[in-house]
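Sequential numbering from -18 applies to the sequence shown in the working numbering.
Cβ atoms here follow ideal geometry from the backbone N, Cα and C, with glycine treated the same way.
Here is the structure we will look at, set down as structure tokens.
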Amino acid sequence: MSIPTITRSSGILLHPTSLPGQFGVGDLGPIAYRWVETLAAMKQTWWQILPLGPTGAGDSPYQSFSAFAGAIKLLSPDLLERDGLVNSSFWAGKSFPDHEVDYGLANPFKTALLHEVWGNFRAGKAANLKAAFEEYMVIEASWLNDFALYTAIRDSLGGLALPDWPKDLLHRKPTALAAIGKELANEVLMHKFGQFLFDRQWTQLRAFAAARGVKILGDAPIFVAPDSADVWANHDQFLLDAELNPTVVAGVPPDYFAADGQHWGNPIYDWTRMEKTGYSWWIERLKRQLKQVDIIRLDHFRGFAQAWHIPAAEKTARKGKWVDGPGMKLFTKLRTALGGLPLIAEDLGLITPDVIALRDGLGLPGMRVLQFALNGPQDIHWPHNYVPNSACYTGTHDNETVNGWFTSLQEQDKRYLGMTLGHYINDAAWELIRLAWASVASVAVAPLQDVLSLGNEARMNKPGIAEGNWRWRFRLDQFKPEVIDRLREMTHLYNRIPTEVVKETGPKTAAG
């Protein structure tokens, strides 16, 4: 496995669901290719994404039914039609909003699409894919078999959450699994085929990006969802009771984002048991993800040093305690298995000396966020306090957009920011982009919302709010050609174009 070297570079944060398109949610089809060409035209090295897994509660990418699988909602109908698996008559007459994702419309459509293409494949269409599908099922069997069976069972139970399953299925009794596997054999194969199609579309898109000098910066949530194939297939690796309910759940205590803290509800790993297996689940998880991305942003890095354990009965995150995680032992195993540590540590929030020692001992870049820099000149989030081995952001998917944030600042904070910049602030988003790009941080990233100078109507997520997030999509008419020129020039000015010469390709960009 080749581990990329992080050189001085920059990129844009945009989840594929936020791409434009006619099918209700961004996908991996033609617009995604135009987006990659736009990144290349802006001389950006990184396309940063959120987790790609199938989403559960609240449609959050951080509450996925699997840490290994891909989201079927990202499948491109256009590419499936090109493969001969579906005809455009299937979606004739259907319409979806274009300014945001309506998951209530988009998810059922993509589920129906999977059923349609599977039926057509079984009927003999796209027969040229048969051998590749058979090979895929063998290569990915270690996670794919459990995921497909879990999904088929869950569907057959009307979406019943894992702890409410019949006990023999919940506890994976061999006779019960054999019987249900036989009964749902067609559905199990369909879900395997869906993953095959996802991997095929994503792999082709990533290769297209790589050929244009664009790398993928992925995201790995530290925890998995309680209702997931991961918990079902590996329940002995988590702190659960006899009925597979968590005894403690993850979150963070009260912080900048939430007065009651954040109660995520994710089960927490039994690190003692994981150590006895050589952390094999984590090794396989990151190996799988590194088939999809070049470098991984490791979410909630501090949880590997200490995690906030909330008693399962608590409704908020106020009551809990910090409990030691695996620390260096896990990462030593990962470094050996992966041939390096292609990771960026998401080290935001309450960071203690042991977390800093772990990050620096591993040599991992940490994160800096300009929106967090108003606590005084000594704050680590000001560029004058950066170290090169870091990744700087104007904001993350959890923040307000920069312009929305700036509008809500008190006047003294606006004046302080203006004093720091040395001039009156006209467009706060681009002022912070300039600060990030000019900094010594090896990687500088801005969410597309900031590049487009959008307000909080374009915010992606409000932490602590369960519903209404992850819906933002940009429209093609918001992307002006002058934005491409401006970011390309700034990227050149601040020496963030890697030295490798990249061939110019493709006449089209997301601006048209």
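Secondary structure at Ile30: coil, using DSSP grouped into helix, strand and coil. Counting every other CB atom within 10 Å of its CB across the protein chains shown gives Arg283 a total of 16 or more, marking it as buried.
Measuring C-alpha to C-alpha distances from Glu381 to each of Ile291, Ala409, Ala210, Thr92 identifies Ala409 as the nearest. Out of Ala191, Ser47, Ser69, Arg299, the CA that lies nearest to the CA of Arg135 is found in Ser47. Excluding five sequence positions before and after Leu345, the CB atoms of its chain that fall closer than 6 Å to its own CB belong to Leu324, Ala326, given in chain order.
Asp394 places its beta carbon 8 Å or farther from that of Ile414.
Between the alpha carbons of Val383 and Trp363 lies a distance of about 15 Å. DSSP places Pro292 in the uninterrupted beta strand (DSSP E) bounded by 287 to 292. Ile30 and Asp79 have their C-alpha atoms some 20 Å from each other.
Considering only His281, Ala214, Asp83, Gly7, the residue with the shortest C-alpha distance to Ala231 is His281.
Within the region 433 to 491, the runs of alpha helix (DSSP H) at least 4 residues long that lie entirely inside it are, in chain order, 462 to 474.
Per DSSP, Arg269 has no beta bridge partner at all.
Of all alpha-carbon atoms in Gln391, Arg340, Leu221, Trp124, the one lying nearest the alpha-carbon of Pro207 is that of Leu221.
Contact annotation, Leu457 with Pro1: C-beta distance approximately 5 Å; criterion of less than 8 Å satisfied. Pairing Leu9 with Glu121, the inter-Cα distance amounts to about 21 Å. Two segments are said to touch when three or more pairs of C-beta atoms, one from each, lie closer than 8 Å; by this definition the region 248 to 259 does not touch the region 187 to 200. Contact annotation, Ser(-1) with Arg454: C-beta distance approximately 5 Å; criterion of less than 8 Å satisfied. Taking C-beta atoms as the reference points, Phe102 and Arg266 fail to come closer than 8 Å.
The beta carbon of Lys24 sits closer than 7 Å to the beta carbons of Arg469, Thr472, His473, Ile478 from its chain, once the five residues preceding and following it are set aside; these are given in chain order. Around the beta carbon of Ile446, fewer than 16 other beta carbons lie within 10 angstroms, which makes this residue exposed. About 7 Å separates the beta carbons of Trp27 and Val424, which is inside the 8 Å limit, making them a contact pair. The alpha-carbon separation between Thr388 and Ile406 amounts to approximately 11 Å. With respect to Leu(-6), Val426 sits close: the two C-beta atoms are nearer than 8 Å.
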